[in-house]
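Q: Start counting the sequence shown at 61; every next residue gets the next number (our numbering).
We treat Cβ as the ideally placed atom computed from N, Cα and C, and that holds for glycine.
In this text the structure is predicted, and so the values were computed from the model without any measurement.
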Amino acid sequence: MNQQYMLQALEASRQALPDCQPNPPVGCVLVKNDKVVSVGYTQKVGGNHAEVEALNSYDDGLDGEMEGVTAYVTLEPCSFVGRTPACANTLVKAGVKHVVVAMLDPDPRNNGRGVAILESHGVKVDVGLCQAQVSAFLTPYLGKS
Numbered sequence: 061m062n063q064q065y066m067l068q069a070l071e072a073s074r075q076a077l078p079d080c081q082p083n084p085p086v087g088c089v090l091v092k093n094d095k096v097v098s099v100g101y102t103q104k105v106g107g108n109h110a111e112v113e114a115l116n117s118y119d120d121g122l123d124g125e126m127e128g129v130t131a132y133v134t135l136e137p138c139s140f141v142g143r144t145p146a147c148a149n150t151l152v153k154a155g156v157k158h159v160v161v162a163m164l165d166p167d168p169r170n171n172g173r174g175v176a177i178l179e180s181h182g183v184k185v186d187v188g189l190c191q192a193q194v195s196a197f198l199t200p201y202l203g204k205s
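#1: Between R74, V99, P168, M66, which lies nearest to T140 when the distance is taken from Cα to Cα?
#2: Where in the segment 101 to 135 do unbroken runs of the alpha helix (DSSP H), each at least 4 residues long, occur, reported from the N-terminal end onward?
#3: Using a Cβ-Cβ cutoff of less than 7 angstroms, which residues in the same chain neighbour Q185 once the five nearest sequence positions on both sides are dropped?
#4: Excluding sequence positions up to five away, which residues of its chain have a Cβ less than 8 angstroms from the Cβ of Y118?
#5: So the alpha helix (DSSP H) L198 belongs to, where does it begin and stop?
#6: Which residue spans inside the segment 136 to 189 form an unbroken alpha helix (DSSP H) run of at least 4?
#7: Could you check if T199 is buried or exposed, using at least 16 other CB atoms within 10 Å of its CB as the buried criterion?
#8: Leaving aside the five residues before and after V86 along the sequence, list all residues of the same chain whose C-beta is less than 6 angstroms from its C-beta, in chain order.
#9: Out of P137, M66, G203, V152, state which residue places its alpha-carbon closest to the alpha-carbon of M126.
Take a look at the structure:
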């Protein structure tokens, strides 16, 4: 795990504002062979979440080679279908095998469920990298969607 990648995801999340509201501004960085290969952030309501944006902009994309790709995400991937599909399932289907999450989503619809989906499909999940920095930024935006 590398803090610089999570901090880059945090910077990406800032780009989501104000368009993503009331959804939280989330950032995602895809890393392969110690190189950032894609960055995404939450789009306007009803649009893609950060994980999907990063996957879509990755050259090999959703149908490509995901071997060795690690996703760094500022907030736990969502586990429920709302206006968009569940990001945890999208990461699984894309073939991502390692996800690093800064903080769990306190939303009762998700809290731990996104991580559980990932782990139940054999995805390695690490939680807590840069949690203090990400929480300081994200907390005012949580619980509003």
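A: Once the coordinates are examined:
#1: A small correction: the amino acid at residue 140 is Phe; Thr does not occupy that position in the sequence shown. F140 has its Cα closest to that of P168, out of R74, V99, P168, M66.
#2: 110 to 117
#3: Note on identity: in this sequence residue 185 is Val, with Gln being the wrong assignment. The residues V159, V161, V175, L178, E179, in chain order, have a CB closer than 7 angstroms to that of V185 in the same chain once the five nearest residues on each side in sequence are set aside.
#4: Non-local C-beta neighbours of Y118 in its own chain, meaning closer than 8 angstroms and more than five positions away in sequence, comprise L90, V97, S98, G124, V129, ordered along the chain.
#5: Per DSSP, L198 belongs to the alpha helix (DSSP H) from 191 to 198.
#6: Listed in chain order, they are 147 to 154, 173 to 180.
#7: exposed
#8: S73, T102, A110, T134, L135
#9: Shortest Cα-Cα distance from M126 to any of P137, M66, G203, V152 involves V152.
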